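**Q**
Numbering (mature numbering (1 follows the signal peptide of the UniProt record, and there is no 0)), first residue to last: -20 to -1, 1 to 644.
1) Can you give me the C-alpha to C-alpha distance between residue 338 and residue 349, rounded to a whole angstrom?
2) By DSSP's criteria, residue 636 is part of a beta bridge. Which residues make up the other side?
3) Which runs of the alpha helix (DSSP H) fall wholly inside the stretch 272 to 336 and span at least 4 residues, in chain order?
4) Can you check whether the CB of residue 62 is closer than 8 Å to the CB of residue 80?
5) Taking the alpha-carbon of residue 165 as reference, which of 250, 346, 469 and 148 has the nearest alpha-carbon?
6) State yes or no: is the C-beta of residue 163 within less than 8 Å of the C-beta of residue 193?
7) According to the Cβ coordinates, are residue 610 and residue 603 closer than 8 Å?
8) Assess, as a yes-or-no matter, whether the stretch 189 to 208 is touched by the stretch 217 to 229 under the definition of 3 or more beta carbon pairs within less than 8 Å.
9) Is the distance from the Cβ of residue 311 to the Cβ of residue 278 below 8 Å?
10) How long is the line joining the alpha carbons of residue 624 and residue 637, rounded to whole angstroms?
11) Write down the C-beta distance between residue 259 and residue 295 rounded to the nearest angstrom, noting that I regard them as a contact closer than 8 Å.
12) Cα separation between residue 238 and residue 265?
13) Nearest to residue 522 by alpha carbon, out of 121, 622, 479 and 144?
14) Thinking C-beta only, is residue 492 closer than 8 Å to residue 552?
15) To which residues of the same chain is residue 36 closer than 7 Å at the C-beta, ignoring the five residues directly before and after it?
16) Rounded to the nearest angstrom, what separates residue 65 and residue 92 at their Cα positions?
17) For residue 640, collect the residues of the same chain with a Cβ closer than 7 Å to its Cβ; drop the 5 residues on either side in sequence, then sort them by chain order.
18) In whole angstroms, what is the alpha-carbon distance linking residue 10 and residue 47?
19) Can you list, in chain order, the residues of its chain with a C-beta nearer than 7 Å to that of residue 55? Leave out the 5 residues immediately preceding and following it.
20) Under the rule that 16 or more other beta-carbon atoms within 10 Å means buried, what is residue 159, buried or exposed?
21) How long is the line joining the alpha carbons of residue 41 and residue 342, rounded to whole angstroms?
22) By Cβ distance, which residues of its chain are closer than 6 Å to residue 616, with the 5 residues on each side in sequence left out?
23) Tell me the residue span of the alpha helix (DSSP H) that contains residue 25.
24) In chain order, which beta strand (DSSP E) runs of at least 3 residues are fully inside the stretch 392 to 417?
25) I'd like the list of long-range same chain contacts for residue 476, defined as Cβ closer than 6 Å, with 5 residues on each side in sequence excluded.
26) Which residue from 178, 519, 332 and 340 puts its Cα closest to that of residue 453?
27) Mind reading off the beta-carbon distance from residue 328 to residue 290? Whole number of angstroms is fine, and I expect it under 8 Å.
28) Per DSSP, which one or two residues make a beta bridge with residue 630?
29) State the Cα-Cα distance for the pair residue 499 and residue 450, rounded to the nearest angstrom.
30) Do residue 272 and residue 242 come within 8 Å of each other at the CB atom, strictly closer than that value?
31) Thinking C-beta only, is residue 325 closer than 8 Å to residue 304?
32) Is the CB of residue 127 under 8 Å away from at least one CB in chain D?
33) Compute the Euclidean distance between the alpha carbons of residue 574 and residue 608, then round it to the nearest angstrom.
34) Assuming the contact rule is C-beta atoms closer than 8 Å, residue 537 and residue 472 should be a hit. Round their C-beta distance to whole Å, please.
35) Beta-carbon within less than 7 Å of residue 253's beta-carbon, same chain only, minus the 5 sequence neighbours each way: which residues are those?
36) Exposed or buried, which one is residue 413 when buried takes at least 16 other CB atoms within 10 Å?
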């Protein structure tokens, strides 16, 4: 009938103190084992707890009190647990009280307390450096249990998205704490939620991962198998459901977990009801009831009694069925359990109708309809309350914003009035002085203006001048080109790169590299004519624009530049002499034979492609574009995308000038 085993969580959270922020690993592991023992064997757990108290100083016994309260919750002694928790104002006490409220069906109170626990402690778990640094150094179990409780409540409220987010956060903490067993439990819950959200592939993956993590724990593996059975139920695969429940029951018995065994028996009773075997359902429900009563499992107990009542109706044992229904009426029903209660009424009504008891069936039908209408009314009221809260919050926010702006306006008005008063006073004092100092002020203003213009001119020069070589920089070149507008580039354009410059820096240091750049810049500048522009383009790259250079002379200039740089070594401060060569990519625009013109940005790109070809062919040389055949922009793009291929196909014609070292 329901997802009871999945919803019943064996919590292993431990808080170590009121202000604890660092996890005591020894206490943590001992507490985990104690709660596991207490889940199925409370008497043994109580004996172990007494032994632990004997070893612990009374002043350090808060965590043992917390463990005792958790054991009381597990055994259904909710009043004893709540009495301890009400006297304290700690996250541990709040979590215990939240679990008590959940057992009592008071989900709203449980949710509020669990949210407070998460808010108080979650920040302590955010600074974990990762698994290489060991386990999570905070009380992650307490935060994780608060998240799981919130997820269970949201799931009962059919808030699947919120439940998934909360369970993913709990899983992250379990993984960070390196506890595979509880991580497997969280993955199984995520598989259930994904399935409810019609995310079957995610559900399948989560369940498979849960089974892997739980492989070494028969107790946890039995729980995961119960989730597998539940998912098979939703698919309508009754054979897989029975196989999973049977395997889970075997594992629970091998793990000596009578409580888990009872929960599984209750679920098997539900299976047999849905496969029309009321006698087997009755046997399994009756076997589960004594253990569930002993451990105070309210939802599981209600489910088992309901299944037993339905089985008795179908077996026409009406008096026994009515006795079970009377006992069910005495069990608590949570405010958010109306959906499961409606399902109970529908199943009972169908059973009474099947055996011909129309009166009982009709009464249950009307009860179920009333419950459904009440649910719908509560849902409408909740939606309206949310909308009212939203609108009220928006209105309050708008009102506060209006008041803030009015306050700012008043403050600004007062400030302006004060400023006017001060200005008026100062103006009256200065009025008499203005006539005396007017001439002097005007002279100073003119002097300051001249100084400002001189500074601006200096800043302009400095911003367009390379500090190392005192050459024009890229910004100067771009400004000059921008001043030309859309006018195509005309004249010789050369892109120059110092060969193996990184090797110079690596072998001789950056100081030597700077000396090489300065020497190359001087030799290049000495080779050029007046009117030619030499630019340090960046790093070890230079650019030359010779506007008056003709096509027939460009290769001569390239040869002179190669000789000027490569013929004579550069003297370093260390006394060494370093031979330096350059590679050049060049072109003279417009390009023959058709007078191809290019914008300056594209012309630089072509010169750069020619430079790359020069370096590719062995460096210490120049490679230039002397002719180009391109009718449209598409032809230009093809040349740029495969420069060497364009040369091979005769769409461009390249010329090569060899430097002095290559000739020697």
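Note that CB positions come from ideal geometry on N, CA and C, so glycine has one too. This structure is a prediction, so every number in the text was calculated from the model and none was measured.
**A** Taking the coordinates as given:
1) 16 Å
2) 603
3) 278 to 294, 298 to 309 and 318 to 334
4) yes
5) 148
6) yes
7) no
8) yes
9) Yes. Within cutoff.
10) 17 Å
11) 7 Å
12) 14 Å
13) 479
14) yes
15) 44
16) 15 Å
17) 542, 543, 546 and 547
18) 11 Å
19) 22, 275 and 276
20) buried
21) Looking at the two C-alpha atoms, the distance is approximately 57 Å.
22) Taking C-beta separations shorter than 6 Å and ignoring five residues to either side along the sequence, the partners of residue 616 in its chain run 610, following chain order.
23) DSSP places residue 25 inside the alpha helix (DSSP H), whose first and last residues are 22 to 35.
24) none
25) 522, 562 and 564
26) Ranking 178, 519, 332 and 340 by Cα distance to residue 453 puts 519 first.
27) Right, their Cβ atoms sit about 6 Å apart.
28) According to the DSSP secondary-structure assignment, residue 630 is paired through a beta bridge with no residue.
29) 12 Å
30) yes
31) no
32) Looking for chain D here will not work: only one protein chain is present.
33) Distance between residue 574 and residue 608, taken at the CA atoms: about 8 Å.
34) 7 Å
35) Residues of the same chain with a CB within less than 7 Å of the CB of residue 253, apart from the 5 flanking positions on each side, are 261, 287, 290 and 291 in chain order.
36) Residue 413 should be labelled exposed.
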